[in-house]
Structures are given as C-alpha cells and as structure tokens.
C-alpha cells in the first residue's frame, strides 16, 4: 500500500481534489436552491399582499368598528366619510389598503413563519411606513425603471433575503393619495418582503452533511479500485514480461530458422541448377550417338570432296567442277557448325536472360540435334509450321531444353509399344499467342497419370530411366513466361503436349505506357528507371509515398512500382489511398521491398495481398521486373 501511495501520489491528490470539488459543488448547489426557494416564498408573500391591497383598493377600503387597536386613521382626516355610524349606532372607521395590510402584517406569527412584509414609500403618509436604507435603495432603482430588487444580507449574525417589487398608482389609489399629487401609472412605493433564511439554511446544511459520508465512501472506493487495478496491472505486466521474454527467445529461434531456411533455399536453388545441368548432360549422353552420326556424315562429305578436289587439281580439267565441289564442302562445314552451336547452347548453364527468339528456329535447332537418333530409331518427324515466324520473349537455352525433353519423352513413349512411329509438330500463332503442339502415337497415359504428370520427381518410365524433373522444370519455365502447358493423352493411342506463349506483339502491347517509381533510395530509383526505359516505358519518380500520392491525384499512370518502408507515407498506405481515386481504376500496382514480410503488420499484409497486382522482393534483376510487369498486366 505504501508503495502504491508513493508511486501514485499525484493520482491520489487528483482523485481527492475531484471528490472534494464534487462535495463543494453539492454544497453550492444546495445553497443556490435555498436562495431560489426563499425567493419563491417571497414572491408568494408579495402576491398575497398585493391581492389584499388590490381587493381593498377596489372596494375603496373597509369600515370596521373603532377600537383601541383600530382608532381612526388621522392620515385620512381629509375624507368626509372616514368615520360613520351604523344603523345600530356602532361607530365605524375607514381602513384604507395600507392601514389594512399593516394590521394584517402586525398579527402574531408562528415560529415556522419566517416572512414579514409591509408597504413603504419614499413619501409615506404614515411615518411608520417610511423606508429603511435598504428599501430606499430599492425604491430608487424602481424610479429608474427596475422591476424587482433582491438581496441577501447579514443582520445580527443571521442571513435574510430582502425582496421588493414596486407598487404603481391606480385609479383606486387616488381616493387617499390624490392630495399628494400622484398620477396613475407612477411608482407609488413598494411592498417589501423579508425572509429569515435560518430554517432553510439549516435544512441545506443537513443535506450537505448527508452527502459528506457518500463522498467519503466514494473516495474510499476510488482509492481501493485504483489499488486493486494497480495490483492487477502489475500482475499483468509481470505476465506480459514473461510472455515477452518467451517470445524474444522464440523470435531468436525463428530468426535462426529463417536464416537456415534462406540458406537451405539457396542450396536447393543451386541443387536445382545442378540437377537441370545434369539432366542436360544426361540428354547429351543420349544424343552422343546421334550427334556423332550427324557430324561424321558431313566430315565424310568434306573428306570425300577434298579427295575429289585433289584429283581434279591434278587432272587440271573441268574448272567449273571446282566451284561445285567447294560449295558442297562449305555446306557440310555449315552443317557441322550448326550442330556444334546447337549442342553448345543446349549444354551450357542457362542464364536467366530473356531475348526475342524465333520459336521455329529453336525447334529446328532442337530437331537437328536429335534427327540422327530418331532416324536410327525409325521415328519419323513431321512438321507443319505457319509461314510467319512466331517471335516470343524467352531464354533460348531453357526453351531448347523444354523441346528436347518433350521430343525425348515422345521417342521413349513410341519405343515402349512399337519399333517405329511418328512425331507431329504443329505451330500456329495469332496476335495474342503462339501455340506449339507436339504429338506422338506412343503408349499414352491413364487419367490418373495425367493429374501428376507435371509434379516434381514423378515419372511414368521404368526405374533408372528418368529423373521425373523434365516436365516439372518445363512447366515452371513456361508459366514464368506467362505461357501454359497442358497434355491430352489416351492409353495405347498417344499423347499431345500443347504449349502456348504470349506473342511478342502482345507482350510489347501489355507492357507499355507510363510508370511511377516510388522509393526513398535514389540509387534504386535510378536503376529501376534505366530498366523500365529499356522496356519502352515512360518513367516518372517520387521519393516517398506522400509525393507519389500528390502526383497520382493529378496524373493517371499505367503502372506504379512502390517500396513499402518509406517516410511520411508507406507503400501500403499509398496503395490504399490511390485505390480510392477513380481515374486509377486501370493502374497496375507492383509492391517491392527489401524487408522481411513476416515482420509486416497484419494490416500491411492484408493491403499488399488484396490491393497489389504483383509483389517483388529485393534484390531483383531486370528479368524479374519484366516478369512482374507481365503478371501485373494480365
């Protein structure tokens, strides 16, 4: 408890002040009610006296028997009918309204009656009705137009409420006061009411005293609640500290696991590259016999024509024959060069570079590598190419690997059921896409096999005959280009693999227009601007989200590429605000970041997932950026 008092002294003082202020307000409010109550009582007394006076004035006064307590009023001596005798001989005297009210107010009062009243004037007929200093002050205010005068004064250690309102001259008043020169409507005087506030203040003090224990109880409850809340808060803080410590340890474990995962991911990537390269080398081993055949035949031609040239030179005859022999030798050399270049392109490790390629030419290069083997296996290759060369954006080595894998699988499928067969390659293209179909009349596949055909390490070949990675790698590569690959097959009939790629014209049409790059790192903006300019895009820059939003409010962009962590306005906040602008409904938003996504807040993750069209983690190269633009443009 002492610790609580030491650490929360100012809160305790504040609470005490609030409770004391509440008690003081109650005291003030109760005493204000006392004043209001007294004033209401004074108004009632005033109204009663005024009614007496009006009644008496209306009837011109009242005749009463002359007694020692009620002698004739000398101030009415000017009236002929002041004194009269009744028919029975009783002497009567006239009581005017003021005389009557004075006698009523002089009657004995009960102890509960705290009010007294009388009529007064600055020019009274009867000196006993002369105004005291307070009443004089009030009457003077009435002369200046005031309608009421109220004041609380201390007299003989007691509080009194003095209340006074003016009395105006009426026609009935002139019977007694005409000789004083009064006119109708003038202020004749006033009715003064005095109330002793002793009883009302006593009741008010009792009310306040009854409120004091309530406030004391409230103060105690507040202190106890604060003390209990403090204990609960300290307990919660201790629990949170324990949880935070555990979370800290868990976070360190997760960071270590994340680092290990990153390393494993890197190693898996390297292993995948090695497997892909090994797959190529295995294919090269398979191709060796065919390649040897393809190269040996041209070499035989070169050697044979060389001997013929030598013989021709010795005979020194038929010079026209020399040119023909030399041309055939050159053709054979070109054939060897083509085979060697194709083999080298296929065998070398693939770099992730996209270039414009003629799909037919890549197919023909692949066919040239396998033609010797296929001829030896009695497999005929038929092609049906359209006249226009289909141009796409791709990596030549990886694309050739896809074709080599599909052709090799077709050959193996045929050899499982027959000694000879046909592979048909058909191409078609539109402005939107290029399609290649590779069909065989081999063993075919069941429906269950088709569902898993593109899964990693799945193969329909006999053990030791395949890695199960060829189609999986092919599927991954084609989809990364924005294309598709699917298969149709029937058991013992054959299979058809269909590959579709976005045509170059469509790619160039998709990725075009104006782009806004938003990043607080100047060098990052410079590099991205260079990449995007090479893609044929118009580039504008903003150094943070606030500047970007200002530009977006006035200028429509086709793309916005924004970092997440920036001053003033983060990338996800920019994305949320930009989505509210109707002229940006067709804008594609690409989020880039060098941060760890798992450390983003749930709100940031939600904005990125629901509002962005593509997400790109730093570092990335121009190829990844081009792919992101393609994905966002779909």
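Numbering (the numbering used here), first residue to last: 142 to 775.
Using N, Cα and C, we set each Cβ at its ideal position, and we do this for glycine too.
Predicted model only: the values in this text are computed from it and were never measured.
Alpha carbon of residue i to alpha carbon of residue j, nearest angstrom
{"i": "residue 205", "j": "residue 212", "result": "10 Å"}
{"i": "residue 532", "j": "residue 398", "result": "45 Å"}
{"i": "residue 363", "j": "residue 156", "result": "8 Å"}
{"i": "residue 726", "j": "residue 405", "result": "41 Å"}
{"i": "residue 575", "j": "residue 504", "result": "13 Å"}
{"i": "residue 371", "j": "residue 153", "result": "13 Å"}
{"i": "residue 259", "j": "residue 162", "result": "41 Å"}
{"i": "residue 281", "j": "residue 261", "result": "12 Å"}
{"i": "residue 283", "j": "residue 332", "result": "12 Å"}
{"i": "residue 639", "j": "residue 626", "result": "6 Å"}
{"i": "residue 708", "j": "residue 661", "result": "8 Å"}
{"i": "residue 618", "j": "residue 377", "result": "54 Å"}
{"i": "residue 539", "j": "residue 382", "result": "54 Å"}
{"i": "residue 344", "j": "residue 265", "result": "38 Å"}
{"i": "residue 492", "j": "residue 767", "result": "Residue placement at residue 492 cannot be trusted, given a pLDDT of 49 that sits under 50; the coordinates are not used to answer."}
{"i": "residue 269", "j": "residue 224", "result": "22 Å"}
{"i": "residue 759", "j": "residue 396", "result": "19 Å"}
{"i": "residue 150", "j": "residue 375", "result": "17 Å"}
{"i": "residue 354", "j": "residue 339", "result": "24 Å"}
{"i": "residue 714", "j": "residue 571", "result": "41 Å"}
{"i": "residue 271", "j": "residue 361", "result": "58 Å"}
{"i": "residue 487", "j": "residue 390", "result": "With a pLDDT of 49 at residue 487, under the threshold of 50, the modelled position of this residue cannot be trusted; read the value that follows with caution. Roughly 50 Å between the two C-alpha positions."}
{"i": "residue 368", "j": "residue 358", "result": "15 Å"}
Coarse secondary structure for residue i, derived from DSSP in three states
{"i": "residue 430", "result": "The pLDDT assigned to residue 430 is 47, lower than 50, so where the model puts this residue is not dependable; a value taken from the coordinates is nonetheless given after this. It is helical."}
{"i": "residue 309", "result": "strand"}
{"i": "residue 404", "result": "helix"}
{"i": "residue 594", "result": "coil"}
{"i": "residue 348", "result": "helix"}
{"i": "residue 694", "result": "coil"}
{"i": "residue 385", "result": "helix"}
{"i": "residue 189", "result": "helix"}
{"i": "residue 704", "result": "strand"}
{"i": "residue 202", "result": "coil"}
{"i": "residue 492", "result": "The predicted position of residue 492 is uncertain, since its pLDDT is 49 and thus under 50; a value taken from the coordinates is nonetheless stated next. Coil, per DSSP."}
{"i": "residue 587", "result": "coil"}
{"i": "residue 290", "result": "strand"}
{"i": "residue 487", "result": "Here the model assigns residue 487 a pLDDT of 49, short of 50, so the residue's position is not dependable, and the following value carries that caveat. In this structure, residue 487 counts as helix in the three-state DSSP scheme."}
{"i": "residue 710", "result": "coil"}
{"i": "residue 304", "result": "strand"}
{"i": "residue 728", "result": "coil"}
{"i": "residue 627", "result": "strand"}
{"i": "residue 620", "result": "helix"}
{"i": "residue 733", "result": "strand"}
{"i": "residue 296", "result": "strand"}
{"i": "residue 722", "result": "coil"}
{"i": "residue 762", "result": "coil"}
From the options, residue whose alpha carbon lies closest to that of residue i
{"i": "residue 552", "options": "515, 374, 726", "result": "515"}
{"i": "residue 290", "options": "297, 225, 302", "result": "302"}
{"i": "residue 742", "options": "169, 705, 771", "result": "705"}
{"i": "residue 632", "options": "216, 554, 401", "result": "554"}
{"i": "residue 523", "options": "566, 534, 537, 543", "result": "566"}
{"i": "residue 296", "options": "336, 329, 223, 263", "result": "336"}
{"i": "residue 665", "options": "689, 761, 688", "result": "761"}
{"i": "residue 499", "options": "256, 668, 577", "result": "577"}
{"i": "residue 747", "options": "771, 717, 735", "result": "717"}
{"i": "residue 683", "options": "693, 677, 675", "result": "693"}
{"i": "residue 672", "options": "293, 770, 763", "result": "763"}
{"i": "residue 263", "options": "242, 559, 329", "result": "329"}
{"i": "residue 724", "options": "702, 695, 350, 199", "result": "695"}
{"i": "residue 542", "options": "615, 564, 588", "result": "615"}
Short Cβ contact (8 Å threshold) for residue i with residue j
{"i": "residue 628", "j": "residue 591", "result": "yes"}
{"i": "residue 305", "j": "residue 327", "result": "no"}
{"i": "residue 594", "j": "residue 586", "result": "yes"}
{"i": "residue 656", "j": "residue 699", "result": "yes"}
{"i": "residue 229", "j": "residue 207", "result": "no"}
{"i": "residue 749", "j": "residue 732", "result": "yes"}
{"i": "residue 341", "j": "residue 178", "result": "yes"}
{"i": "residue 324", "j": "residue 310", "result": "yes"}
{"i": "residue 348", "j": "residue 160", "result": "no"}
{"i": "residue 507", "j": "residue 548", "result": "yes"}
{"i": "residue 736", "j": "residue 710", "result": "no"}
{"i": "residue 729", "j": "residue 691", "result": "no"}
{"i": "residue 623", "j": "residue 771", "result": "yes"}
Can you give, in chain order, each stretch of the alpha helix (DSSP H) that sits fully within the region 514 to 585 and has at least 4 residues? 537 to 556
List, from N- to C-terminal side, the beta strand (DSSP E) runs of 3 residues or more that fit wholly inside the region 644 to 690. 655 to 659, 679 to 683
Counting only runs that start and end within the region 206 to 286, where is the alpha helix (DSSP H) found for 4 or more residues in a row? 238 to 246, 274 to 284
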